[in-house]
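Numbering (the working numbering), first residue to last: 61 to 330.
All remarks here apply to the structure that follows.
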Amino acid sequence: MGGVTATDPIDLSIQLFRESWRLMFADRPGASAGTGGGVDYVFSGLPVPFFNLAFVTSRGDSADALQARARAACEWAVDKQVPWLLLVTHEALQSGVEPAAALGGGGLVPMLPLTGMIARRVAPGRAVPRGLQLQVPEDDAGCAAMLDVNGAAYGMSLDAAKPALGRHAFWAYHTPAIGLIAAKPVCSAAVIMASGYRYVALVATEPRYQKRGYGEAVMRHALDAAVQSHGDKPTFLHATDAGRPIYARMGYETVSTHTVFIDKKFLDSH
Numbered sequence: 061m062g063g064v065t066a067t068d069p070i071d072l073s074i075q076l077f078r079e080s081w082r083l084m085f086a087d088r089p090g091a092s093a094g095t096g097g098g099v100d101y102v103f104s105g106l107p108v109p110f111f112n113l114a115f116v117t118s119r120g121d122s123a124d125a126l127q128a129r130a131r132a133a134c135e136w137a138v139d140k141q142v143p144w145l146l147l148v149t150h151e152a153l154q155s156g157v158e159p160a161a162a163l164g165g166g167g168l169v170p171m172l173p174l175t176g177m178i179a180r181r182v183a184p185g186r187a188v189p190r191g192l193q194l195q196v197p198e199d200d201a202g203c204a205a206m207l208d209v210n211g212a213a214y215g216m217s218l219d220a221a222k223p224a225l226g227r228h229a230f231w232a233y234h235t236p237a238i239g240l241i242a243a244k245p246v247c248s249a250a251v252i253m254a255s256g257y258r259y260v261a262l263v264a265t266e267p268r269y270q271k272r273g274y275g276e277a278v279m280r281h282a283l284d285a286a287v288q289s290h291g292d293k294p295t296f297l298h299a300t301d302a303g304r305p306i307y308a309r310m311g312y313e314t315v316s317t318h319t320v321f322i323d324k325k326f327l328d329s330h
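Shown next, in the form of structure tokens:
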């Protein structure tokens with residue numbers, strides 16, 4: 061799985077997502093990757109669904125073809141023994157195909173909508189909220205704090221990912237950022253340098269500190285710090301519905317829409 065070469069925005073959205081996940085987990089023992097039958101796989105091997113992804117990469121699939129790819133993904137993942145997700149891109153399907161309807165009878169259920177968004181230039185921002193201290197972590201503890209913030213925001217433990225993403229050594233080429241209130245980490249963001257793009261990930265704010273502009277502030281800090289190291293490259297992200305209006309205000313434009321599916325058997329435990 062090489063670097064991103066796609067110029068088509070739909071392919072770019074899929075490939076940057078895949079490439080960023082590959083970069084995060086390529087060196088982790090137990091990680092696995094593969095491709096075949098119109099599906100690419102990047103599995104960290106960690107017991108965290110969002111860190112094990114199957115990407116439908118084919119174009120123009122009918123409902124039947126999409127069902128076949130989902131079955132193939134289930135077969136590929138069956139011996140991996142970790143929860144995982146399937147990413148389907150709406151614009152890559154045959155016109156009129158609705159992913160949730162097509163996959164509804166196969167054991168996969170929709171978990172999360174995502175929107176692929178790009179910004180060639182990020183619009184100027186507001187002042188940093190009063191009391192928020194922004195920094196790029198310089199040790200393992202600061203990098204691990206990003207995962208603690210994300211775990212609190214999404215209601216799941218990400219401790220298992222700390223040996224991979226909680227190490228300062230991993231971030232030597234990439235850019236983490238945290239925001240602190242009274243020395244307590246309360247928000248985070250990261251920029252992965254993926255094939256000439258600043259790919260934004262791990263944006264989160266602890267629940268009690270949300271809706272104060274902290275997430276946008278720490279994300280801007282990560283983007284600015286990445287500029288200092290790598291230049292003002294275009295930036296890409298995959299937004300949740302909650303984050304999409306904020307990113308649009310920052311200058312990000314929608315290029316793709318996706319649905320993330322999860323196997324029903326993993327819902328109760330995650």
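C-beta atoms are modelled at their ideal positions from N, C-alpha and C, and glycine is treated no differently.
Same chain, Cβ closer than 6 Å to residue i, neighbours up to 5 away in sequence not counted
i: residue 111; result: 104
i: residue 314; result: 175, 177
i: residue 179; result: 295, 311, 312
i: residue 245; result: 205, 209, 238
i: residue 304; result: 175
i: residue 91; result: 85, 104, 105
i: residue 100; result: 78, 115, 117
i: residue 123; result: 157, 162
i: residue 69; result: 315
i: residue 126; result: 162
Assumed close pair residue i, residue j - CB separation to whole angstroms, cut-off 8 Å
i: residue 248; j: residue 206; result: 4 Å
i: residue 189; j: residue 228; result: No, residue 189 and residue 228 are not in contact; Cβ-Cβ is about 26 Å, not under 8 Å.
i: residue 106; j: residue 220; result: 5 Å
i: residue 253; j: residue 234; result: 6 Å
i: residue 266; j: residue 213; result: 6 Å
i: residue 144; j: residue 152; result: That pair is no contact at about 20 Å.
i: residue 301; j: residue 173; result: 6 Å
i: residue 224; j: residue 78; result: Between residue 78 and residue 224 the Cβ distance is about 17 Å, and since that is not below 8 Å, they are no contact.
i: residue 154; j: residue 120; result: 5 Å
i: residue 321; j: residue 169; result: 6 Å
i: residue 274; j: residue 192; result: 6 Å
Residues near residue i by beta carbon distance below 7 Å, same chain, minus five either side
i: residue 218; result: 108, 207, 210, 211
i: residue 98; result: 116, 117, 118, 129
i: residue 194; result: 188, 237, 239, 277, 278, 281
i: residue 272; result: 189
i: residue 135; result: none
Strand pairing of residue i, partner residues [DSSP]
i: residue 92; result: 103
i: residue 114; result: 101, 146
i: residue 259; result: 252, 296
i: residue 132; result: For residue 132, which the question treats as bridged, DSSP gives no partner whatsoever.
i: residue 316; result: 176
i: residue 322; result: 145, 169
i: residue 264; result: 248
i: residue 121; result: 153
Same chain, Cβ closer than 8 Å to residue i, neighbours up to 5 away in sequence not counted
i: residue 80; result: 252, 254, 259, 261
i: residue 226; result: 200, 203, 204, 206, 207
i: residue 167; result: 134, 323, 324, 325
Original post:
Which residue spans inside the stretch 169-249 form an unbroken beta strand (DSSP E) run of at least 3?
Top reply: 192-195, 235-241
**OP:** Kindly provide the ranges of any alpha helix (DSSP H) runs that are 4 or more residues long and lie completely inside the stretch 269-293, ordered along the chain.
**Re:** 274-290
**OP:** Taking 8 Å as the threshold, find out whether the stretch 153-165 comes into contact with the stretch 254-269 through three or more Cβ pairs.
**Re:** no
Subject >> Touching by the beta-carbon criterion (3+ pairs, under 8 Å), the stretch 295-305 and the stretch 240-247 >> reply: no
Subject >> the stretch 275-292 touching the stretch 145-153, judged by at least three CB pairs closer than 8 Å >> reply: no
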